[in-house]
Amino acid sequence: MVSPVLALARFAAFSVWTLLLVPPYLMMRLVSHRVAGRVVLFYWQGVMRLIGFTVVARGTPDVGAGPALFVSNHASYLDIIVLGSLIPACFIAKAEVAGWPGFGLLARLARTVFVDRRPSATARERDSVRHRLESGDSLILFAEGTSNDGNQVLPFKSALLSVAETGFSGADGTIRPLPVQPVSLAYTRLDGLPITRAMRPFLAWYGDMTLVGHLLGALGLGRVTVEVTFHPATSLASFPSRKELTVHCHDLIANGVATLLAGRA
């Protein structure tokens with residue numbers, strides 16, 4: 001099932017593509033973060049083609065005049081490539097990601113917000129994320145706080161959605177609530193055939209799996225279809241508390257993932 005030759009060829013193409021795009025991206029960052037964001041979007045779209053992934057998206061990301069928070073389920077580091085190719089936004093990631101080989105460097109270049117998830121650091125990290133939103137950056141959050149086997153959606157951590165309390169100034173100077181858009185993501189087909197529960201660990205990365213070994217295995221597969229559903233955006237203002245917003249996002253995303261995995265989308 002896994003072709004080592006295909007894996008190495010795709011990894012080589014990915015490496016060359018990265019080396020070609022990094023210099024113009026760094027130059028664009030000196031000019032405008034918005035323009036640099038378009039380069040990042042173009043980069044991830046190129047990576048998707050090079051590694052043999054096809055994305056089927058339903059709905060559209062809410063990227064209006066101001067920033068937004070996208071909340072998604074999380075099965076693998078591959079989710080970053082998929083969502084990065086669809087949404088002009090920066091990721092929120094746990095601090096450990098900064099030290100990952102290769103991916104840590106890419107995350108820093110893409111202006112990922114690294115957060116320390118210890119309770120003692122919650123206030124400081126929340127302020128850091130709010131600063132990024134207030135500067136106009138949209139953000140992508142994996143609200144489970146960790147990846148899983150891709151067959152389910154783990155409970156969301158409501159503390160991670162505290163950033164939803166951030167408002168932003170509209171064109172008329174009024175403070176508007178931050179749009180929060182739930183997103184469901186699932187790896188559904190391999191070479192046109194449904195991906196079974198037993199095959200899902202080839203794409204989902206969790207537990208004690210090694211990064212390099214898993215990456216080469218994923219790149220050695222055939223053509224992978226990823227399905228993404230953008231649910232209607234909402235905001236904290238529509239709910240009595242952050243906990244209710246968290247439950248709403250979780251239920252919507254979990255049902256969306258179940259629908260995608262069942263082939264009923």
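Using the UniProt record's numbering, the letters of the sequence shown correspond one by one to residues 1 to 265.
Glycine residues also receive a C-beta, built at the ideal position from the N, C-alpha and C atoms.
Residue from ALA7, HIS250, MET27 and VAL257 whose Cα sits closest to the Cα of ASN151: Position 151 of the sequence shown, counting from 1, holds the residue named residue 151. Of the residues ALA7, HIS250, MET27 and VAL257, the one whose Cα lies closest to the Cα of ASN151 is VAL257.
Could you work out which residue in GLY213, VAL183 and GLY136 is closest to GLY64 when comparing CA atoms only? Position 64 of the sequence shown holds residue 64. Closest by alpha carbon: GLY136.
By a C-beta neighbour count over all protein chains shown, 10 Å radius and 16 as the cutoff for buried, is residue 271 buried or exposed? Nothing in the structure corresponds to residue 271, since the chain is present only between 1 and 265.
Is THR146 helix, strand or coil when you go by DSSP? Along the sequence shown, read from residue 1 onward, the residue named residue 146 stands at position 146. Looking at THR146 - three-state DSSP - the assignment turns out to be coil, as it is neither helix nor strand.
Should ARG49 and PRO88 be called a contact, given that it needs their Cβ atoms to be closer than 9 Å? Sequence index remark: in the sequence shown, residue 49 carries index 49 (1-based). Sequence index remark: in the sequence shown, residue 88 carries index 88 (1-based). PRO88 is positioned such that its CB atom lies no closer than 9 Å to that of ARG49.
Closer than 7 Å by C-beta to SER35: which residues in its own chain qualify, once you throw out the five before and the five after it? Chain order, please. Position 35 of the sequence shown, counting from 1, holds the residue named residue 35. Residue identity differs from the one stated: residue 35 is Val in this sequence, not Ser. Hits under 7 Å: MET28.
Using the Cβ count rule (16 or more neighbours within 10 Å means buried), how would you classify ARG264? Translated into positions along the sequence shown, residue 264 becomes position 264. Under the 10 Å beta carbon count, ARG264 is surrounded by fewer than 16 other beta carbons and is classified as exposed.
Closer than 6 Å by C-beta to HIS74: which residues in its own chain qualify, once you throw out the five before and the five after it? Chain order, please. Position 74 of the sequence shown holds residue 74. Apart from the 5 residues on each side of it in sequence, HIS74 sits with its Cβ closer than 6 Å to the Cβ of PHE142, GLU144 and SER147 in its chain, given in chain order.
Identity of the residue in VAL82, LEU106, ILE80 and LEU78 nearest LEU19 by Cα: As a working note, residue 19 is residue 19 in the sequence shown. Answer by Cα proximity: LEU106.
With a 10 Å radius around its C-beta and 16 neighbouring C-beta atoms as the bar for buried, classify LEU193 as buried or exposed. As a first step, residue 193 is located in the sequence shown; it is residue number 193 there, counting from the start. With a threshold of 16 other beta carbon atoms within 10 Å, LEU193 falls short and is exposed.
Let's see if you can read the secondary structure: which residues bound the alpha helix (DSSP H) around SER15? Stepping through the sequence shown from its first residue, residue 15 is reached at position 15. For SER15, the uninterrupted alpha helix (DSSP H) run begins and ends at 4-31, by DSSP.
Return yes when the Cβ of ALA7 is within less than 9 Å of the Cβ of GLY217, no when it is not. As a working note, residue 217 is residue 217 in the sequence shown. As a working note, residue 7 is residue 7 in the sequence shown. In this structure, GLY217 lies near ALA7, with their beta-carbon atoms less than 9 Å apart.
Do VAL163 and THR188 count as a contact pair if the criterion is CB distance below 9 Å? Here residue 188 refers to the residue found at position 188 when the sequence shown is read from its first residue. Here residue 163 refers to the residue found at position 163 when the sequence shown is read from its first residue. Contact: no.
Just list the beta strand (DSSP E) runs in the region 184-237, keeping only unbroken ones of 3 residues or longer that don't cross its boundaries, in chain order. Within the region 184-237, the beta strand (DSSP E) runs of at least 3 residues that lie entirely inside it are, in chain order, 224-230.
Option nearest LEU261 by Cα separation, candidates ALA237, ARG176, LEU160 and VAL153: Residue mapping note: residue 261 aligns to position 261 of the sequence shown, counting from 1. Ranked by Cα distance from LEU261, the options ALA237, ARG176, LEU160 and VAL153 are led by VAL153.
Quick check on ILE253: does DSSP put it in helix, strand or coil? Taking the first residue of the sequence shown as 1, we reach residue 253 at position 253. In this structure, ILE253 counts as helix in the three-state DSSP scheme.
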